[in-house]
Ligand code: ADP
Ligand code: MG
């Protein structure tokens, strides 16, 4: 029986997750002088007590899946997993690296309120890092399924870490996830509304929405209600992008947001794109 307070010191609550609370914590070590003592982590915790009734079976499965998937993923652009355990107070605890830079959504909101824009180099750098995370996941047949700027985190050195694998799944031909509409409305792809299964190209659509947001500081598809949003996603051509950004970058965004998933590039092919390769060389 593990007592979570014996293992971690809770510093502050940094989020109320969809299935529980997110805390900034400090591991408690027996040797007080080690440097590890100053390293902060994020602890996501979920109440497993059936009696309290504020946790559904779905939430429990989500959290368990996230812990299991995160533990198998090891990549410089995916939030690093530390451990997960059930504590004496009957919570499931998932411990992961803390990204001091916060999430990309908040970062873009700040830019917008300061009437600033992101440089093309910055956008492409973040784009490449998300692509690398996706390529790694897709190669393992894992779909993220909830990629959005709120789930992309930044370290203090501005390195991108894709996180929140709460609804990520292993792609399994025997399974059909099409029946449930999942994810966040703004990022939902056209195929989701025609009952097609969620595939790697659906993550690519979400990636397109993320890069579009980096360029415009606005959602790619936005409407006052759900019905008009769906119509826009299915029918409306992607709004034209500012000429302040290069043609190759605008072409990439257009390709990510193709209505037909088969016409969208794979994460792997994006990293082989001539314009992208040029930037990768710049970053080496
Ligand atoms: P959910 O979206 O299911 O609530 P998230 O994993 O996205 O769960 O966490 C919720 C919020 O907590 C995030 O939007 C972010 O602000 C913060 N957060 C989560 N994980 C981290 C992390 N590793 N580093 C920094 N902040 C985090
Ligand atoms: Mg989230």
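Residue numbers (this note's numbering): 25 to 308. Every residue gets a Cβ at the ideal spot worked out from N, C-alpha and C, and that includes glycine.
With a threshold of 16 other CB atoms inside 10 Å of the CB of residue i, please say whether the residue is buried or exposed.
{"i": "residue 291", "result": "buried"}
{"i": "residue 280", "result": "buried"}
{"i": "residue 175", "result": "buried"}
{"i": "residue 115", "result": "buried"}
{"i": "residue 307", "result": "exposed"}
{"i": "residue 73", "result": "exposed"}
{"i": "residue 225", "result": "buried"}
{"i": "residue 305", "result": "exposed"}
{"i": "residue 37", "result": "exposed"}
{"i": "residue 117", "result": "buried"}
{"i": "residue 159", "result": "buried"}
{"i": "residue 227", "result": "buried"}
{"i": "residue 230", "result": "buried"}
{"i": "residue 286", "result": "exposed"}
{"i": "residue 263", "result": "exposed"}
{"i": "residue 87", "result": "buried"}
{"i": "residue 259", "result": "exposed"}
{"i": "residue 250", "result": "exposed"}
{"i": "residue 275", "result": "exposed"}
Give me the Cβ distance between residue i and residue j, rounded to the nearest whole Å; I'm assuming they're in contact under 8 Å.
{"i": "residue 256", "j": "residue 214", "result": "Contact flag wrong, Cβ pair sits at about 10 Å."}
{"i": "residue 147", "j": "residue 238", "result": "5 Å"}
{"i": "residue 277", "j": "residue 232", "result": "6 Å"}
{"i": "residue 67", "j": "residue 119", "result": "5 Å"}
{"i": "residue 173", "j": "residue 127", "result": "7 Å"}
{"i": "residue 35", "j": "residue 46", "result": "Not confirmed; about 12 Å, so no contact."}
Is there at least one non-hydrogen atom of the ligand ADP closer than 7 Å to the beta-carbon of residue i?
{"i": "residue 188", "result": "yes"}
{"i": "residue 192", "result": "no"}
{"i": "residue 212", "result": "no"}
{"i": "residue 123", "result": "yes"}
{"i": "residue 258", "result": "no"}
{"i": "residue 127", "result": "yes"}
{"i": "residue 46", "result": "yes"}
{"i": "residue 161", "result": "no"}
{"i": "residue 98", "result": "no"}
{"i": "residue 38", "result": "yes"}
{"i": "residue 68", "result": "yes"}
{"i": "residue 119", "result": "no"}
Express the C-alpha separation of residue j and residue i in angstroms, rounding to a whole number.
{"i": "residue 95", "j": "residue 25", "result": "21 Å"}
{"i": "residue 91", "j": "residue 170", "result": "16 Å"}
{"i": "residue 98", "j": "residue 150", "result": "18 Å"}
{"i": "residue 101", "j": "residue 29", "result": "30 Å"}
{"i": "residue 190", "j": "residue 85", "result": "9 Å"}
{"i": "residue 65", "j": "residue 134", "result": "24 Å"}
{"i": "residue 167", "j": "residue 193", "result": "5 Å"}
{"i": "residue 243", "j": "residue 212", "result": "12 Å"}
{"i": "residue 31", "j": "residue 295", "result": "41 Å"}
{"i": "residue 109", "j": "residue 218", "result": "39 Å"}
{"i": "residue 111", "j": "residue 51", "result": "15 Å"}
{"i": "residue 234", "j": "residue 54", "result": "43 Å"}
{"i": "residue 156", "j": "residue 182", "result": "15 Å"}
{"i": "residue 209", "j": "residue 107", "result": "31 Å"}
{"i": "residue 104", "j": "residue 142", "result": "26 Å"}
{"i": "residue 269", "j": "residue 129", "result": "20 Å"}
{"i": "residue 184", "j": "residue 178", "result": "5 Å"}
{"i": "residue 145", "j": "residue 221", "result": "34 Å"}
{"i": "residue 122", "j": "residue 180", "result": "10 Å"}
{"i": "residue 33", "j": "residue 246", "result": "41 Å"}
{"i": "residue 240", "j": "residue 265", "result": "8 Å"}
Can residue i be considered in contact with the ligand MG, in the sense that its beta carbon sits closer than 7 Å to one or more heavy atoms?
{"i": "residue 82", "result": "no"}
{"i": "residue 175", "result": "yes"}
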